[in-house]
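A.B. asks: Quick one: the structure is below, questions incoming.
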Amino acid sequence: MTSSSPKFYTIFLFLSLALLLFSTWEVQADICRKRSKTWGDPCFTSENCNRYCIKSENGVGGICMSDGIGFTCFCEFIC
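See the structure below:
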């Protein structure tokens, strides 16, 4: 019985380490940004844009970004 104890502890340690490594990996979804199709005003606050994209365009978020002329609302979606 004493000769199997080191083997048991080695296997236990290996499995514990493997579990720790696998549990720390996070799966991150890619986020795509698209100009809002229905936003009509200049975008001044990202909070309003964020709420609008979630409610009106079924996005996961929104942010005010420059479109070359001014700032407009870009909605974020999972790619």
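Under mature numbering (1 follows the signal peptide of the UniProt record, and there is no 0), read the sequence shown as residues -29 to -1, 1 to 50, first letter to last.
The C-beta atom is built at its ideal place from N, Cα and C for all residues, glycine as well.
(1) Are there 16 or more other CB atoms within 10 angstroms of the CB of residue 41, so buried, or fewer, so exposed?
(2) Is it true that the stretch 26 to 46 meets the stretch -25 to -10, where meeting means three or more beta-carbon pairs spaced less than 8 Å apart?
(3) Report the option in 36, 50, -19 whose CA atom is closest to the CA atom of residue 17.
(4) Report yes if the C-beta distance between residue 46 and residue 5 is below 7 Å; otherwise report no.
(5) Determine the direct distance from the alpha carbon of residue 48 to that of residue -2, and round the result to whole angstroms.
C.D. replies: According to the structure shown:
(1) Here residue 41 is taken as the residue at index 70 of the sequence shown, counted from 1. Exposed, since its Cβ has fewer than 16 Cβ neighbours within 10 Å.
(2) No: fewer than three Cβ pairs fall under 8 Å.
(3) The residue given as residue 17 occupies position 46 in the sequence shown. Closest option to residue 17, Cα to Cα, is 36.
(4) Locating residue 46 in the sequence shown gives position 75, where the first residue counts as 1. Locating residue 5 in the sequence shown gives position 34, where the first residue counts as 1. Their beta carbons are under 7 Å apart, which means residue 46 touches residue 5 by this criterion.
(5) Taking the sequence shown and counting its residues from 1, the one referred to as residue -2 is at position 28. Taking the sequence shown and counting its residues from 1, the one referred to as residue 48 is at position 77. If you draw a straight line from the Cα of residue -2 to the Cα of residue 48, it is about 13 Å long.
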